[in-house]
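**Q** Chains A and B supply the protein sequences, listed in that same order.
Residue numbering for the first sequence follows the numbering used here, beginning at 28 and increasing consecutively.
Residue numbering for the second sequence follows the numbering used here, beginning at 1093 and increasing consecutively.
For each residue, glycine too, the CB sits at the ideal point set by N, CA and C.
None of these values were measured; they are calculated from a predicted model.
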Amino acid sequence: MTVTEFIVSRLNYWIYIILMMIGLFAMISKKNLIKKLIGMSIFQTAIILFYVSLGVKEGSNIPILEHSVSHAAEHGEIIRAEDYANPLPHVLMLTAIVVGVATLGVGLAIVQKIHKEFGTIEEPEILAKIESGDG
Amino acid sequence: MKTLGAIAVIITGALLLYASEDFPSWGDPHSPANQYRVSSHYVQNSFGETSVPNMVTAILADYRGYDTLFETVVIFTAGIAIIAILRGPIDKRVRLRLASERKMRETNLILAQTSRILVPVIQLFALYVIAHGHHSPGGGFQGGVIFGASLILLALSFQLQTALDRVSEKKAVTLAAIGILIYAGIGFVCLLAGGNFLDYSALQVLMPVGAIEARSHGILGVEIGVAFTVAAIMFAIYANLSSHGRMKGGL
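1. At a Cβ cut of 8 Å, what residues of the segment 1323-1334 of chain B count as close to chain A, listed as they run along the chain?
2. Jot down the residue ranges of each uninterrupted alpha helix (DSSP H) in the segment 70-136 of chain A, minimum 4 residues, whole runs only, in chain order.
3. Cutting at 8 Å between CB atoms, please list the residues of its own chain near ALA1170 (chain B), excluding the five before and the five after it.
4. Does the segment 1226-1233 of chain B come close enough to the segment 1136-1154 of chain B that 3 or more CB-CB pairs lie under 8 Å?
5. Please look up how many angstroms separate the CB atoms of GLY1344 (chain B) and VAL1318 (chain B), rounded, as I've assumed it's under 8 Å.
6. Looking only at its chain, what residues have a beta carbon closer than 7 Å to the beta carbon of GLY50 (chain A), apart from the 5 residues adjacent to it on each side?
7. Does the ligand SAM have a heavy atom nearer than 6 Å to the CB of PRO1212 (chain B)?
8. By Cβ distance, which residues of its chain are closer than 7 Å to ALA1204 (chain B), with the 5 residues on each side in sequence left out?
9. Quick check: the segment 1133-1142 of chain B against the segment 103-116 of chain A, are at least 3 beta-carbon pairs closer than 8 Å?
10. Please check if any C-beta of chain B sits within less than 7 Å of the C-beta of VAL126 (chain A).
11. Using only alpha-carbon positions, find the residue among B:ASP1114, B:THR1104, B:ALA1100, B:ILE1102 that is nearest to ARG37 (chain A).
12. For SER1308 (chain B), which residues from the same chain have a beta carbon less than 7 Å from its beta carbon, with the 5 sequence-adjacent residues on both sides left out?
13. Mind checking which residues open and close the alpha helix (DSSP H) that includes MET1052 (chain B)?
14. Please look up how many angstroms separate the CB atoms of VAL1314 (chain B) and TYR1275 (chain B), rounded, as I've assumed it's under 8 Å.
15. List in chain order: all unbroken alpha helix (DSSP H) runs of 4+ residues lying wholly within the segment 1203-1255 of chain B.
16. Which residues in the same chain have their Cβ closer than 8 Å to the Cβ of GLY103 (chain A), if we skip the five residues on either side of it in sequence?
17. Which whole-angstrom value describes the C-beta separation of THR1321 (chain B) and ALA1268 (chain B), a residue pair presumed to lie in contact below a C-beta threshold of 8 Å?
18. Give a yes or no on contact between the segment 121-140 of chain A and the segment 82-97 of chain A, applying the rule of three or more CB pairs nearer than 8 Å.
19. Label HIS1336 (chain B) either buried or exposed according to how many other C-beta atoms from any shown protein chain fall within 10 Å of its C-beta, with 16 as the threshold for buried.
20. Under 7 Å, do ILE1174 (chain B) and ASN1332 (chain B) count as touching if we go by C-beta distance?
21. How would you write the range of the alpha helix (DSSP H) that LEU1152 (chain B) sits in, first residue to last?
22. By the three-class DSSP mapping on this structure, what secondary structure does ASN1086 (chain B) have?
23. Does the beta carbon of MET67 (chain A) come closer than 7 Å to any beta carbon on chain B?
24. Since HIS117 (chain A) contacts GLY82 (chain A) with CB under 8 Å, what's their CB separation in whole angstroms?
25. Going by DSSP, what residue range makes up the alpha helix (DSSP H) through GLU1113 (chain B)?
26. Would you say GLU1198 (chain B) lies against chain A (beta-carbon separation less than 7 Å)?
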């Protein structure tokens, strides 16, 4: 298998990993606290994409039964697991998205408080102000 | 710091890219995540066990009911934490600046009239998404966020005060607490009715339906609780962040 074939067959994972690394890099090296939070959000989005893609099944439907199917199921027809996308990653990510928004809100509130205290959201300037006992 | 960060990121990324060889290929129905019997059980039996065609809703509110209950508590806690962080004495200079800003700000006529028409439609759609979560994509979290967004639109297109006149911060926090109370209360009623906590089939003694339909109604009840909390906290977060916790001025 050539390198190109390997990349193409795993393209979805490569995209998530690259997105995740962009987020990680922003969290480590950016000095601006808001940019760090943006990095955290990108990281989170990559993980959400990864989980949802794990639930994909080739040729499957969304995990909601049509009315005709549910009526047939009431009369004993068996629902095949291959026909529906895996609902479990969807559930996990549904709550993760909303909790992600809430935690991002807490992060932004802390940054606002820091800005009120120190007048800046650049990390080196905050550290310098703390060391000089100002603020 | 930048080079050090870049080196760390590149090494981690390279390791992950190398490891992607062992991941299942795209859309493989026989991958471990799709083959594992928990997922298959949900797909095959969730309708028979809960009478809810939307498997995501059934898993969210029934099989993983505890998880969702405390997920809702996390959102509530985040809202309370934001209020606790931002609330504080107001700087005199800031107050003067705010007063001058408020005079300058006028409500844009076109924006205001458009959102006056849009907000009720958005809120109606939010209620539909909450109530129709059994049969189509939707549920408490999604509908709650849409409802919160309609209040945020009101605050953005008019003044923050316009939205706060309708849902004050105190009211928002109370509504959020009521949401959790509804959720945990339904669980508690299940206990009183002789079942386990959040075992909705015990609700059949209170309703003229069978055990499986009782589960469906229990799920709707907790989704409404989730929607209360999410909508109220989304608006409370916006109101606090946009006004630096002062509940005045806003964006």
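**A** Here's the rundown:
1. ILE1325, MET1326, ILE1329, ASN1332, LEU1333
2. 94-101
3. ILE1325, ILE1329
4. yes
5. Beyond the ends of chain B as shown, which are 1093 and 1343, falls residue 1344 (chain B); an answer cannot be given.
6. GLY66, MET67, ILE69, PHE70, ALA73
7. What this structure holds is no ligand at all, so the ligand SAM is not there to describe.
8. SER1249, PHE1250
9. yes
10. yes
11. B:ASP1114
12. THR1142, SER1143, VAL1144, HIS1226
13. Limits of chain B in this structure are 1093 at one end and 1343 at the other, which puts residue 1052 (chain B) out of reach.
14. 5 Å
15. 1232-1249
16. none
17. 5 Å
18. no
19. buried
20. yes
21. Unbroken run through LEU1152 (chain B): none, as it is neither H nor E.
22. Lying before the first or after the last residue shown, residue 1086 (chain B) is absent from chain B, which here runs from 1093 to 1343.
23. no
24. 6 Å
25. Counting along the chain, GLU1113 (chain B) falls outside any alpha helix (DSSP H), and DSSP gives it neither H nor E.
26. no
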